[in-house]
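Peer 1: Structure below; questions to follow.
Residue numbers (the working numbering), protein chains in the order written: chain Y, 7 to 340; chain C, 1133 to 1958; chain X, 9 to 215.
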């Protein structure tokens, strides 16, 4: 028990560090990919191919002046970015990223230690993840309302509307796979797909709905209404600067990773070995693809209007999701 | 010249189909200008005689082509300003002007306000049909201020005309150019007037009339002002600024009492120093002519003055313990009123030796004549008089405006003039054939006035004893004169063809000797002229003359018998149908004289305003507290024409004003110009706000500047005048307090374009006998001066200037402008 | 190059291509149909393909359009209006400016200022000349109005500097005397057109 607790703590720290780093790296990737798709070069001058740009950005964010507007609610203003970042990382704690493995014995101290695939394998994993991501909406909501800025208020309003609505779609879309697998644990999903093949083929509608919901919940184009520059300056993040603003971003990228991992584990076969690829590499590639898809979509598609967004959610996606659940239920019963 | 300009003798003329009113006997061009009708003309100046050099003003009057500058209007005259022929002529004339005229308008100072540019565009000259070999014409500096670029000159002769007709110096003339002859073929192919004009133009160029290459004139710069092209410019201004960069600020000349309207033209000093600087002074040259001080003494501002709180505090203390304020006439009416208020509230004495004598003279005059102010001004003399008399006035030095008027009367009104002055002058006799100069002995000013009474007075009106006194100078002498008599003779002529003889009556002149009785006038002889010779010339001078004017000046105010002189002037005015102008000595002397209640003596702790004192407040930049100079403050000045004229601040001033001091001491409004409305109505001023005062000339030349002082008339008996004492004549070495031409005060001296030094001025002969440097010893002191020869002075009297207040020349001279002195070589 | 296409300023007659826009659906069912149609028509995937193709071409076929600016520079037009230059006379090396002040007058940003004086050779000398580049809007009027083609727009568009006063003095803008052989005749605004002679009426000369 002692060792397990220590392992959990160590894993938590590692995940926190790695995911933070990856989130930063995500921004680099995003800039590069968008640049390529627009026939540009993207960051080039800090380090080889601009790789150290993350570091430069990090230094910039940390050293920037921290501004709190005069009429803002200082406590909530300071708390909001922490909520976003924290919930994003907490959600990640229940997501299995790698298969279970034993640390090779030649490594001193930790050699021979069995490492389970997940920081906290809780039996309601998927519900927890979705719940934590949903809790993340308090970040932008409170930020927008605390900063005494009209763009922030609009951003906060859009947060409430958009995140709450799409929570429904995400939840309903993932209900059908849950019915099929019969468990809420993400490890069970992984195991199910190793036996029955990828859920994405048996549940294509659920997969598409989940992706759309995921885009909306991570505030990505074409659903980036919360902070759309052309409309609301920077929405909920208008008055933020420096590391506070950086935490929103880390949170957003962490959420993107969460959604990517969820899609990979739930619909795309998880960390099972695939052909000649070992499981760990397979899942990295899957996650990477979903992540790339998000960038790709951003480069290709325009964003939608708020009313279109709501119309799409309540009048199109939710009925389809419900129908999908019903049909799945009927198929299972028959 | 009988134009009493009343509404009755306005006539109606038609120009291009529209009816206009014009004054009888006026030139067509002036009538058109007065009515805002444009007739092109380069060479004509409104107040001068026509030159007929440019021939652009060709118009058709009643079907005949005439020059508008030279033809007079008649009742019902029908004038057409443009016909195909006239337009052709005008265009050809402009093309001719453009032949060989340098095209470097880019570097020309006149570019942008050049009449050649304007008319070339106006006439639509877009191609050149004429050509001639050019002559090399060099630039030259004619004097310390004049720069002439002959290559740019179009020989319109405006400079020579204005110098002769207006200024009186006649320092410029046309000389031969030595250019190529015109191609004879042009005579047939070119329009007639254009050819004639070109023929004249090609032969001449402008040069100083004394043949030396230097003008030796009064350096007034009026030729610069009238030059339509860039040929004549001020040496200081050459290539320093383009016309369009300068901002014009209407103001009033601050130095002579003429109060000419001027424009200060300002722009930033340089790229580094963005504070504004005056680059030049311009004027409405068609309506007013400036003297050298008005045009060139413009940079007398108190630059870089700051609000020095310490000095201000000290100044307040000084004012609190002051017994006297000493100042001069270079202040505005508003400042004069502030000082007067200070006197009333705090009992400080006001001491102003410059103005006090004038003020006294004015009050003597007012008491004797019943008029609060004299009757004439420069404008009425210029436009109406045909006989002017100047007594007690160093015309060239004291009052340039009156000099111009004196000259203009001779030149344009076919007038005559008498000039009485102890200091002989070579220039004034050249003003006209009918100018007689009396170089009398100093101290005989009263005799001159008695002579005027004798010559002009309505004898019926004269008091009995005055008539008797005048007659006592006359005696009858017998004289043999030759006289031409027409005698009728009968001749018998024989007709050659018929052989008949005829009696023909013929008139043949015959000289016979005759003895007549001639009245000898002792007054004339006393004043230094042959009595009978003068009687003849005087008869010629006065024939056909109708309007007479008298100018009196500063010699009278500083005269032991000033009161008697004032009474005599009043008597002349009452009995002689003569307008009188009493020339204020300097700047705003009239304003100060009217507003301030001046004291005779300074006593106790003295504050000097631009003058010596225990505490000096000064606009010259050398005092204990800075004050704004007249080009840095707004306010009004009272000029010789009895007009209260507004002046504006041309340059920024950062320090304290007199108003600030007054406000601290006794309370005052926020702005200096808020005093304008408070000027004493009892003295003829009007309660008018400063901002409502106009400052412009109208198209017909009438002056629309400020307002005229009200004159109060009262019935008074004939003044009782005293006889004069011949024994009081000054003999021996005499010094005369008189400034050189362009110097009036410390302010003119400060200006960098005024070069006349503080020195002793004497005729050439006298100067040679004196040597280079002398000490002039007065009764109560002495002064060491360099000697400068002035070719325009005649006689032995030397001139000692007073424009440097630090030299205290007023004290040396005391209450007379002439003093017996001892002059020692140093 | 013919200039006909520029001379036709009647924009109404040009050939615009009208986009084939469909009616905006108003009824809910129509809207639903539109969504279904768009979803299954694959238009979204066409969009995805376009960007992906661009990325592939950029990365592997050398169609990268970015110019690495400080290291690579694109050539600029002779009519480009960057920091001003003051040209010299090729023969004498004397600067062309005659100090006429027309540039100062026409400058709509009021940023040109000069001091002139009468020099020893009786010519107008420009003693100081400056352009306030904090104000200059690079409209090119000064180059156009200059009668001597003395002030022209150069090609120095990199005008970041530590001081506002940089570039702005006469000496900074003047062609260095040792680079006179490199001075290019200006082709931009106000330059003499190739056929200028045809439009000038000649003035007769007597010699």
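Where a beta carbon is used, it is the ideal one built from N, C-alpha and C, also for glycine.
Residue 1561(C): which of 1738(C), 1424(C) and 1543(C) sits nearest, CA to CA?
Peer 2: Minimum Cα distance to residue 1561(C) is reached at 1543(C).
Peer 1: In its own chain, which residues sit with a C-beta less than 6 Å from the C-beta of residue 1409(C), not counting the 5 before and 5 after it?
Peer 2: Result list for residue 1409(C): 1401, in chain order.
Peer 1: Assuming residue 1687(C) contacts residue 1510(C) (C-beta within less than 8 Å), just tell me the rounded distance between them.
Peer 2: Not really, about 19 Å apart at Cβ, beyond 8 Å.
Peer 1: Run through chain X and tell me which residues come within less than 8 Å of residue 302(Y), C-beta to C-beta.
Peer 2: Within chain X, the residues near residue 302(Y) are 56, 59 and 60.
Peer 1: Rounded to whole angstroms, what's the CA-CA distance from residue 1495(C) to residue 1908(C)? Just pull it up for me.
Peer 2: Cα-Cα distance, rounded: 33 Å.
Peer 1: Which residue marks the beginning of the beta strand (DSSP E) containing residue 1355(C), and which one marks its end?
Peer 2: Run containing residue 1355(C): none in the beta strand (DSSP E); it sits in the alpha helix (DSSP H), 1354-1358.
Peer 1: For the beta strand (DSSP E) containing residue 1336(C), list its first residue and its last residue.
Peer 2: Segment 1336-1340, the beta strand (DSSP E) holding residue 1336(C).
Peer 1: Report the three-state DSSP secondary structure of residue 1148(C) (helix, strand or coil).
Peer 2: Reduced to three states, the DSSP call for residue 1148(C) is coil.
Peer 1: Beta carbons nearer than 8 Å to chain X: which residues of the stretch 1264-1283 of chain C have them?
Peer 2: For the stretch 1264-1283 of chain C, which is checked against every Cβ of chain X, the residues closer than 8 Å are 1264, 1265, 1266 and 1271.
Peer 1: Any Cβ of chain X within less than 8 Å of the Cβ of residue 164(Y)?
Peer 2: With 8 Å as the cut-off, residue 164(Y) does not count as an interface residue toward chain X.
Peer 1: Less than 6 Å between C-beta atoms, sequence neighbours within five positions excluded: which residues of the same chain meet that for residue 1746(C)?
Peer 2: Counting only Cβ-Cβ distances below 6 Å, and skipping sequence neighbours, we find 1737 and 1738.
Peer 1: Quick check on residue 108(X) - is its C-beta less than 8 Å from some C-beta in chain C?
Peer 2: Residue 108(X) counts as touching chain C.
Peer 1: Distance check for residue 288(Y) and residue 280(Y), CA to CA, integer angstroms please.
Peer 2: Looking at the two C-alpha atoms, the distance is approximately 6 Å.
Peer 1: Pull up the distance between the alpha-carbon of residue 1138(C) and that of residue 1546(C), whole angstroms please.
Peer 2: Since pLDDT at residue 1138(C) reaches only 48, below the 50 mark, its modelled position is unreliable, and no value is offered.
Peer 1: Step through the CB atoms of chain X and report whether any lies within less than 8 Å of the CB of residue 265(Y).
Peer 2: Answer no: the Cβ-Cβ gap between residue 265(Y) and chain X never drops below 8 Å.
Peer 1: Report all residues from its chain with a CB closer than 6 Å to the CB of residue 1454(C); omit the five preceding and five following residues, and keep chain order.
Peer 2: For residue 1454(C), where only same-chain residues beyond five positions count, the Cβ hits under 6 Å are 1480, 1737 and 1739.
Peer 1: Determine whether the Cβ of residue 327(Y) lies closer than 8 Å to any Cβ atom of chain X.
Peer 2: Answer no: the Cβ-Cβ gap between residue 327(Y) and chain X never drops below 8 Å.
Peer 1: Going by CA-CA distance only, name the one from 1774(C), 1849(C) and 1782(C) that's closest to residue 1818(C).
Peer 2: With distances taken between Cα atoms, residue 1818(C) lies closest to 1774(C).
Peer 1: Is residue 1515(C) buried or exposed, if buried means 16 or more other CB atoms sit within 10 Å of its CB?
Peer 2: Buried.
Peer 1: Is the stretch 219-233 of chain Y close to the stretch 155-174 of chain Y, with three or more CB pairs under 8 Å?
Peer 2: Contact between the stretch 219-233 of chain Y and the stretch 155-174 of chain Y is present, because at least three Cβ pairs lie under 8 Å.
Peer 1: Which bits of chain X does residue 204(Y) rub up against, with CB to CB less than 8 Å?
Peer 2: Within 8 Å Cβ-Cβ: nothing; residue 204(Y) doesn't reach chain X, min ~21 Å.
Peer 1: Give the residues from the stretch 308-340 of chain Y that approach chain X closer than 7 Å (Cβ to any Cβ), ordered along the chain.
Peer 2: Within the stretch 308-340 of chain Y, the residues whose Cβ lies closer than 7 Å to some Cβ of chain X are 322, listed in chain order.
Peer 1: Please decide whether residue 136(X) counts as near chain C, where near means a Cβ-Cβ distance under 8 Å.
Peer 2: Yes, residue 136(X) lies at the interface with chain C (some Cβ there is under 8 Å from its Cβ).
Peer 1: For residue 118(X), I'd like the list of residues in its chain whose CB is within less than 8 Å of its CB, leaving aside the five on either flank, ordered along the chain.
Peer 2: Counting only Cβ-Cβ distances below 8 Å, and skipping sequence neighbours, we find 143.
Peer 1: Skipping 5 residues on each side, what residues in its chain have a beta carbon closer than 7 Å to that of residue 1151(C)?
Peer 2: The answer, listed in chain order, is 1144.
Peer 1: Which residue or residues does DSSP assign as beta-bridge partners of residue 1557(C)?
Peer 2: Beta-bridge pairing links residue 1557(C) to 1925(C).
Peer 1: Name the DSSP beta bridge partners of residue 133(X), please?
Peer 2: Paired residues: 125(X).
Peer 1: Applying the 10 Å Cβ sphere with the 16-neighbour rule, what's the burial state of residue 80(Y)?
Peer 2: Exposed, since its Cβ has fewer than 16 Cβ neighbours within 10 Å.
Peer 1: Tell me residue 1649(C)'s beta-bridge partners as DSSP assigns them.
Peer 2: In the DSSP output, where bridge partners are listed per residue, residue 1649(C) has 1610(C).
Peer 1: Quick one, are the C-beta atoms of residue 1287(C) and residue 1428(C) less than 8 Å apart?
Peer 2: Their beta carbons are not under 8 Å apart, which means residue 1287(C) does not touch residue 1428(C) by this criterion.
Peer 1: I want to see whether chain Y comes within less than 8 Å of residue 74(X), judged by CB atoms only; does it?
Peer 2: With 8 Å as the cut-off, residue 74(X) counts as an interface residue toward chain Y.
Peer 1: Just checking: is the beta-carbon of residue 171(X) within a distance shorter than 8 Å of some beta-carbon in chain C?
Peer 2: No, residue 171(X) does not count as interfacial toward chain C.
Peer 1: Please state whether DSSP places residue 1506(C) in a helix, a strand or coil.
Peer 2: It is coil, neither helix nor strand.
Peer 1: Counting contacts by CB-CB distance shorter than 8 Å, is residue 1356(C) in contact with chain X?
Peer 2: It does not: the Cβ of residue 1356(C) has no partner Cβ on chain X nearer than 8 Å.
Peer 1: For a cutoff of 8 Å on Cβ pairs, would you count residue 1259(C) as touching chain X?
Peer 2: True, the Cβ-Cβ gap to chain X drops below 8 Å.
Peer 1: Under 8 Å, with one C-beta from each stretch per pair, do the stretch 1799-1810 of chain C and the stretch 1712-1722 of chain C reach the 3-pair mark?
Peer 2: With the cut-off at 8 Å, the stretch 1799-1810 of chain C and the stretch 1712-1722 of chain C do not touch.
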